[in-house]
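In what follows, a structure is listed as structure tokens, so that the remarks can point back to it.
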Ligand SMILES: Nc1ncnc2c1ncn2[C@@H]1O[C@H](COP(=O)(O)OP(=O)(O)OP(=O)(O)O)[C@@H](O)[C@H]1O
Ligand SMILES: [Mg+2]
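Residue numbers (this note's numbering): 1 to 411.
Written out as structure tokens, the structure reads:
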């Protein structure tokens, strides 16, 4: 008996797409990592400008962007013919309908693929760990999206999403740097208009700020964050003696394009991620999202979910994030809002078996190599019959066989 009897040897391996807001992961089913991770953007043929896929204005604009982008993936990066292989698409359950419909239209009508399997990103990330219950938080580029999964079923009533991901940190880092250099310029009384470092920082390309954030910044621990917040409020750093002063981490000397040099102060390096942990009356921080999601699940689900937290998405790779989240969760469950509702204090984080930024892609690659591919895929014939992609949220596509036959009788 063959070892993997679910993988048909005669059929070519399916291609797996995970089209994120910032990066697209693309590769083949059954492989342990994507063949390429490229920015989700294309060069506009008319204007020559780079356009992110998610900056579409309407359906026809998105169609044109996707045609160019998928052409690039197949013919520049993977070098395979689209007609030969089935497709797996890893998508968020909150993906806009216009996006999934247009993507299907591009793949079926323009590239003539034979079938598409849609897999929910949170559910398949969990399957890479071999567990069926967990609280999955995808911290990618634009949003942190949290969906609890209990015994293999997503608990959709408890989903949470906040704009607390790479983009929020990116903006905070840029603002902090501009403010820092403006203060220096004010203090030194610099009058050279048009040559200010603060203006140069405003003009820095996003890729440079991203590089500074990824390679030079980290999440600090709760004690230091609190001391910084206190020092900011009372201006403690100026008034106290040196023993009470917070020792800053070293500044980062960053070279831009081989010529220009800017200094990133240690305090900014460790404080730009505080945007995830700011508490206000709306309770919109990252730890609040986790606790609110757990509370909104039924009582018997809470403890297993808290003991199986899974962080995926590129931003969850930031140094210190897991440790800080754990500290904040332990602190928050003793506050007025949560103390009555939490009768336990054990929170555990899983370690992904891959790099977190392609954890959900790997889940898609695993499913694409099993017989789920044959059973659950949307075939070209079915798509042309429905004229749309069947949607889990639509009752028309989610009726039982009995209901369908009843309707056929009445017709
Ligand atoms: N080692 C790292 N440390 C910190 N951040 C990182 C690291 N590697 C990647 N990132 C950041 O992760 C972000 C991209 O993550 P990911 O690929 O999960 O996003 P996405 O899938 O495109 O977005 P979304 O899931 O929101 O649609 C980028 O902004 C990148 O800077
Ligand atoms: Mg993503």
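For each residue, glycine too, the CB sits at the ideal point set by N, CA and C.
Between the options, which has its C-alpha nearest residue i's C-alpha?
i           : options            : result
residue 11  : 66, 55, 86, 328    : 86
residue 46  : 213, 65, 369, 217  : 65
residue 212 : 82, 329, 256       : 256
residue 164 : 369, 315, 124, 143 : 143
residue 225 : 249, 199, 205, 203 : 249
residue 117 : 385, 29, 78        : 29
What span of residues does the beta strand (DSSP E) with residue i cover, start to end?
i           : result
residue 155 : Looking at the DSSP string, residue 155 is not in any beta strand (DSSP E), and its letter there is neither H nor E.
residue 118 : 115-120
residue 51  : 50-52
Have a look at residue i and residue j and give me their C-alpha separation to the nearest angstrom.
i           : j           : result
residue 341 : residue 289 : 15 Å
residue 185 : residue 251 : 18 Å
residue 40  : residue 68  : 11 Å
residue 170 : residue 209 : 7 Å
residue 122 : residue 96  : 16 Å
residue 59  : residue 259 : 43 Å
residue 350 : residue 199 : 43 Å
residue 139 : residue 145 : 7 Å
residue 15  : residue 261 : 43 Å
residue 31  : residue 362 : 8 Å
residue 112 : residue 83  : 6 Å
residue 374 : residue 152 : 20 Å
residue 391 : residue 354 : 30 Å
residue 37  : residue 189 : 46 Å
residue 269 : residue 109 : 48 Å
Looking at the secondary structure, which residues open and close the alpha helix (DSSP H) in which residue i lies?
i           : result
residue 271 : 266-271
residue 375 : 372-376
residue 383 : 380-386
residue 302 : 299-306
residue 295 : 286-296
Please classify residue i: does DSSP put it in a helix, a strand, or coil?
i           : result
residue 162 : strand
residue 246 : coil
residue 45  : coil
residue 97  : helix
residue 86  : coil
residue 324 : helix
residue 67  : helix
residue 258 : coil
residue 391 : coil
residue 204 : coil
residue 263 : strand
residue 224 : helix
residue 109 : helix
residue 313 : coil
residue 434 : Past the boundaries of the shown model lies residue 434; the chain is included only from 1 to 411, so the question cannot be answered.
Identify the residues that DSSP records as bridge partners of residue i: which are they?
i           : result
residue 27  : 16
residue 32  : Paired residues: none, contrary to the question.
residue 144 : 139, 162
residue 91  : 120
residue 252 : 264
residue 134 : 149
residue 349 : 309
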